[in-house]
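Residue numbers (this note's numbering): 33 to 198.
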């Protein structure tokens with residue numbers, strides 16, 4: 033097990049570009065309004081204006097989602113883990129409350145770690161797109177035993193954990 037200095041907090045955030053979906057969202061945020069403008073000038077003004085308004089609405093929604101996603105974080109400290117998820121849920125689990133922890137790999141070789149507090153039914157799943165992911169794995173391994181799992185195609189960490197607990 034790797035030894036980690038526990039004198040300071042470690043904060044993990046999602047890196048822009050760590051997932052292809054970030055670029056897809058960025059393309060949609062820009063492309064949809066540009067498409068509406070193109071229709072306005074090249075095809076029909078009224079139809080283009082309607083498409084532009086609808087496109088602006090969807091672009092705003094995509095931008096808001098991407099912003100919330102990129103603002104999520106995980107913080108580890110001497111007491112435990114604290115997180116803000118992309119759905120704005122605040123999660124706090126102390127080290128002694130963790131009843132299950134694991135390190136998963138899916139069929140596309142994406143990695144995830146999870147910690148679960150069975151008493152409070154609190155699950156925190158962290159994908160490898162977070163900064164300092166390897167250090168997070170090392171931190172968890174220094175505090176507890178991580179079970180290793182290979183996820184089946186389409187299987188989620190939540191589904192695997194449900195199988196293990198039933």
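Think of the CB as a built atom: it goes at the ideal place given N, C-alpha and C, for glycine as much as any other residue.
Length of the line joining the Cα atoms of residue i and residue j
i: residue 193; j: residue 50; result: 25 Å
i: residue 130; j: residue 158; result: 15 Å
i: residue 64; j: residue 179; result: 44 Å
i: residue 168; j: residue 56; result: 27 Å
i: residue 187; j: residue 78; result: 45 Å
i: residue 106; j: residue 99; result: 16 Å
i: residue 140; j: residue 86; result: 35 Å
i: residue 148; j: residue 46; result: 21 Å
i: residue 68; j: residue 96; result: 20 Å
i: residue 60; j: residue 128; result: 43 Å
i: residue 82; j: residue 70; result: 12 Å
i: residue 76; j: residue 93; result: 25 Å
i: residue 162; j: residue 108; result: 13 Å
Bridge partner(s) assigned by DSSP for residue i
i: residue 132; result: 148
i: residue 187; result: Residue 187 pairs with nothing; no bridge assigned.
i: residue 119; result: Bridge partners of residue 119: none, in fact.
i: residue 137; result: 143 and 182
i: residue 108; result: 42 and 113
i: residue 124; result: 114
DSSP-derived helix/strand/coil call for residue i
i: residue 174; result: helix
i: residue 179; result: strand
i: residue 164; result: coil
i: residue 194; result: helix
The beta strand (DSSP E) enclosing residue i, as first and last residue numbers
i: residue 114; result: 112-116
i: residue 154; result: 154-159
For the stretch 41-106, list the alpha helix (DSSP H) runs that are entirely contained and at least 4 residues long, ordered along the chain. Complete alpha helix (DSSP H) runs here, min 4: 52-74 and 77-103.
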